[in-house]
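> Residue 395 is where the sequence shown starts when you use our numbering, and the numbers rise one by one after that.
From the three backbone atoms N, C-alpha and C, an ideal C-beta is built for every residue, glycine too.
Source: prediction; values computed, not measured.
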Amino acid sequence: MAAVSVFYVTTPIYYPNADPHLGHAYTTVYADILARYHRLRGDETFFLTGTDEHGLKLQRTAEKRGVHPKEFVDEMAEKYKGYWRLLDISYDRFIRTTDPDHEEVVKWALEELYRKGLIYKARYSGWYCVDCEKFYSEGEYEVVEGKPHCPIHKKPLEWLEEDSYYFRLSEFKDYLVGVLKGDTVYPRQYALEVLGKIEKEGLLDVSIARPKSRVWWGIPLPWDQEYTTYVWFDALLNYLTGAGILREPARFKRLWPAAHHVIGKDILWFHTAIWFSMLHALEIPPPRRVLVHAFLINRGLKMGKSAGNVVRIEDLLERYQGSDGLRYIIARLFNLHKDIEVSTSLFDSIYNGDLADNYGNLARRVGTLAKRKLDGKVGGDSIDEDLHEAIIKTHMAYEEAMQSYEVSRAVEAVMDLLRRANAYMNESKPWEKQEPVRELYTVLEAVRAATIMLHPVIPKATTKLAEAFGFQLDYNTITEPLQEYNIREAPILFKKIK
Ligand code: MSP
Numbered sequence: 395m396a397a398v399s400v401f402y403v404t405t406p407i408y409y410p411n412a413d414p415h416l417g418h419a420y421t422t423v424y425a426d427i428l429a430r431y432h433r434l435r436g437d438e439t440f441f442l443t444g445t446d447e448h449g450l451k452l453q454r455t456a457e458k459r460g461v462h463p464k465e466f467v468d469e470m471a472e473k474y475k476g477y478w479r480l481l482d483i484s485y486d487r488f489i490r491t492t493d494p495d496h497e498e499v500v501k502w503a504l505e506e507l508y509r510k511g512l513i514y515k516a517r518y519s520g521w522y523c524v525d526c527e528k529f530y531s532e533g534e535y536e537v538v539e540g541k542p543h544c545p546i547h548k549k550p551l552e553w554l555e556e557d558s559y560y561f562r563l564s565e566f567k568d569y570l571v572g573v574l575k576g577d578t579v580y581p582r583q584y585a586l587e588v589l590g591k592i593e594k595e596g597l598l599d600v601s602i603a604r605p606k607s608r609v610w611w612g613i614p615l616p617w618d619q620e621y622t623t624y625v626w627f628d629a630l631l632n633y634l635t636g637a638g639i640l641r642e643p644a645r646f647k648r649l650w651p652a653a654h655h656v657i658g659k660d661i662l663w664f665h666t667a668i669w670f671s672m673l674h675a676l677e678i679p680p681p682r683r684v685l686v687h688a689f690l691i692n693r694g695l696k697m698g699k700s701a702g703n704v705v706r707i708e709d710l711l712e713r714y715q716g717s718d719g720l721r722y723i724i725a726r727l728f729n730l731h732k733d734i735e736v737s738t739s740l741f742d743s744i745y746n747g748d749l750a751d752n753y754g755n756l757a758r759r760v761g762t763l764a765k766r767k768l769d770g771k772v773g774g775d776s777i778d779e780d781l782h783e784a785i786i787k788t789h790m791a792y793e794e795a796m797q798s799y800e801v802s803r804a805v806e807a808v809m810d811l812l813r814r815a816n817a818y819m820n821e822s823k824p825w826e827k828q829e830p831v832r833e834l835y836t837v838l839e840a841v842r843a844a845t846i847m848l849h850p851v852i853p854k855a856t857t858k859l860a861e862a863f864g865f866q867l868d869y870n871t872i873t874e875p876l877q878e879y880n881i882r883e884a885p886i887l888f889k890k891i892k
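Put into structure tokens, the structure is as follows:
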């Protein structure tokens, strides 16, 4: 028996200070497509997402509302789960940094590093952005009217000065440079970016704690109760907790070498310089990959709550009549390399062109004809050679793209196949024939292959069509001819938007 491949995929754990918006859905849907694709192939798959619940940002948000942060994050975590349900996100675990097994892991990691002499106490000062939960050095921040501002949130930074505990990040420079020269960070442009930053600024030790008097909402340091753990140190460790590092070591051993962290480029430094060093200090190898993507932008700025330009998930779910439409649009737009500007007309044209006209219309047409001409029974005695070859080639292109994490390219290959099948249908004119078995069978084979390949992207419509047309969503049968179709009905999968 062939060894089962393992695939472990994570999203960033989101700050639940507000509802998720299209930017968060962008990452989460992408990770979900990768997870569903691997499950469909039969790989042992584990998909982790969740919420990052500690720190100053959450403490302040809860304070403003006059509730305890725990009460607030309990409510918000449920909201996140609700959104992910609406988007058909098939996570295996929703992790919260307030989960007991996670607090255990954070304490364990802190104690390990403290014992190894990698944490020390010192005075600490700098310009801080609460929205990023991060310090900015000179050259990194923007100066507006003489005052330092966050380059991402465009808000004034706060000056902080206090005693704190530091992690000896500077000791890991050689190690880091080595890892960054390998293939862990994907696409490579982002590894080069981090290397450039290390070269230019060097690697400074980082504070991993906050005085309790200022930030009390966090995990206390095991050796000094007057301090809480810095939210990023706490958060990154969720990837170890989720894989079961302390409680299920055998599972952790299987999953960790297959770990894929999907992140936006805003949190690249944390997921490389800091995370790889933390892992190395804990004697854990880096994840298999850090998959970095660019931003969704709206009116020229990164979409975000502070920029006031968010697109609401619920509005898009309504416009595109449920999760499939929105998931598909995200898949088609998703870009690891460059920022994408959102626009309703672009979204509409993707939905109408690809889903309603190309896929949906072809499925409906071939199904209707099969019912009318052949009473729904279409046997596979012969197939058009060219289209059969196109199916095989599309499958190869799709596989190659998915293995390279290029979901949009995979989806485009499938759309090409469907366009060819549409053209074949128009040329062979099965409606003019008495018994167009070969013609309809050929088109059905293309539709079936496309449906299986699109299943990770649009799970609802593909499940519906497979049931209506009588075939299995079995990845191993994409290019294996089906003996006979038994078509019960020809559903309208996507209604066109006017
Ligand atoms: N809590 C940290 C992550 C800790 S992971 C150990 C955090 N949370 S966040 O809520 O701010 O989410 C950031 C992530 O959301 C980005 O890295 C990205 O994946 C996603 N996005 C948020 N806005 C986005 C866009 N406008 N465009 C693309 N992705 C966006 O940072």
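Taking 8 Å as the cut-off, decide whether the C-beta atoms of residue 635 and residue 808 are in contact.
No.
> Apply the 10 Å Cβ neighbour rule to residue 395 and answer buried if 16 or more other Cβ atoms are within range, or exposed otherwise.
Any reading at residue 395 is ruled out, since the residue's pLDDT is 47, under 50, leaving its predicted position unreliable.
> Could you check what DSSP says for residue 732 in three-state terms: helix, strand or coil?
It is coil, neither helix nor strand.
> Measure the alpha-carbon distance for residue 611 versus residue 589 and round it to whole angstroms.
So the alpha carbons of these two residues sit roughly 34 Å apart.
> Count the other CB atoms within 10 Å of the CB of residue 406; is the residue buried (16 or more) or exposed (fewer)?
Buried, since its Cβ has 16 or more Cβ neighbours within 10 Å.
> Check for me: the alpha helix (DSSP H) holding residue 637 runs from which residue to which?
From DSSP, the alpha helix (DSSP H) with residue 637 extends over 632-637.
> Mind reading off the beta-carbon distance from residue 745 to residue 851? Whole number of angstroms is fine, and I expect it under 8 Å.
With 8 Å as the limit, residue 745 and residue 851 do not qualify as a contact, their Cβ atoms being about 13 Å apart.
> Could you check which residue in 690, 834, 714 and 700 has the C-alpha nearest to that of residue 759?
Out of 690, 834, 714 and 700, 834 has the C-alpha closest to the C-alpha of residue 759.
> Any idea which residues DSSP pairs residue 568 with across the strands?
None, per the DSSP bridge assignment.
> Given a threshold of 16 other Cβ atoms within 10 Å of its Cβ, counted over all protein chains shown, does residue 514 qualify as buried or as exposed?
Exposed is the call here.
> Out of curiosity, what's the CA-to-CA distance linking residue 529 and residue 519?
Using only the alpha carbons, I get a separation of about 9 Å.
> Consider the C-beta atom of residue 823 and the heavy atoms of ligand 1; say whether any pair is separated by less than 7 Å.
No, ligand 1 has no heavy atom inside 7 Å of this Cβ.
> Specify the secondary structure class of residue 468 as computed by DSSP and reduced to three states.
Residue 468: helix per DSSP, three-state reduction.
> Go ahead and pull the three-state DSSP assignment for residue 395.
For residue 395, the pLDDT reaches just 47, beneath the cut-off of 50, and the residue's location in the model is therefore unreliable, although a value from the coordinates is still provided. Coil.
> Should residue 881 go down as buried or exposed, given a rule of 16 or more other Cβ atoms within 10 Å for buried?
Looking at its Cβ environment, which holds 16 or more other Cβ atoms inside 10 Å, residue 881 is buried.
> In the DSSP assignment, find the unbroken alpha helix (DSSP H) run with residue 822 in it and report its ends.
Residue 822 -> alpha helix (DSSP H) spans 801-822.
> Can you determine whether any heavy atom of ligand 1 sits closer than 7 Å to the C-beta of residue 409, and answer yes or no?
Indeed, a heavy atom of ligand 1 lies less than 7 Å from the Cβ.
> Quick one, which of 502, 603, 830 and 686 has its alpha-carbon nearest residue 422's?
With distances taken between Cα atoms, residue 422 lies closest to 686.
> Per DSSP, residue 692 is paired with what?
Bridge partners of residue 692: 695.
> With distances taken from CA atoms, which of 666, 609 and 767 is nearest residue 577?
Closest option to residue 577, Cα to Cα, is 666.
> Heavy atom of ligand 1 less than 7 Å from the Cβ of residue 689, yes or no?
Under cutoff, so the answer is yes.
> Considering only residues of the region 592-638, which uninterrupted alpha helix (DSSP H) runs meet the minimum length of 4 residues and lie entirely inside it, listed in chain order?
Correct list: 625-630 and 632-637.
> Assuming residue 832 contacts residue 784 under a Cβ cut-off of 8 Å, what Cβ separation, rounded to an integer in Å, is found between them?
At roughly 16 Å, the Cβ-Cβ gap does not stay under 8 Å, so residue 832 and residue 784 are not in contact.
> Closest by CA to residue 907, which one among 715, 591 and 870?
Only positions 395 to 892 of the chain appear in the structure, and residue 907 is not among them; the question remains open.
> On the CB-based measure, 16 or more other CB atoms within 10 Å of its CB, does residue 696 come out buried or exposed?
Burial call: buried.
> How about residue 444 and residue 488: are their beta carbons less than 8 Å apart?
Cβ distance < 8 Å, so residue 444 and residue 488 count as in contact.
> Under three-state DSSP, which class holds residue 428?
Three-state DSSP puts residue 428 in a helix.
> Going straight from the alpha carbon of residue 845 to that of residue 628, what length do you get?
Spanning the two alpha carbons is a distance of roughly 41 Å.
> What residue from 614, 886 and 848 has the CA that sits closest to residue 757's CA?
It is 886 whose Cα lies nearest to the Cα of residue 757.
> What three-state label does DSSP hand residue 776 in the structure shown?
In the structure shown, residue 776 sits in coil (DSSP, three-state: anything other than H, G, I, E or B).
> What does the alpha-carbon distance come out to for the pair residue 617 and residue 509?
If I take the Cα positions, the gap works out to 11 Å.
> Report buried or exposed for residue 512, applying the criterion of at least 16 other Cβ atoms within 10 angstroms of its Cβ.
Burial call: buried.
> Buried or exposed: residue 786, going by 16 or more other Cβ atoms within 10 Å of its Cβ?
Residue 786 comes out exposed.
> If I measure Cβ to Cβ from residue 435 and keep anything under 7 Å in the same chain, skipping five residues before and after, which residues do I get?
Closer than 7 Å at the Cβ level, and outside the excluded window around residue 435, lie 869.
> Where does residue 405 sit, in a helix, a strand or coil, going by DSSP?
Residue 405: coil per DSSP, three-state reduction.
> Would you say the region 594-610 touches the region 544-564, given that touching needs at least three Cβ pairs under 8 Å?
Touching, yes, given that three or more Cβ pairs across the two stretches are closer than 8 Å.
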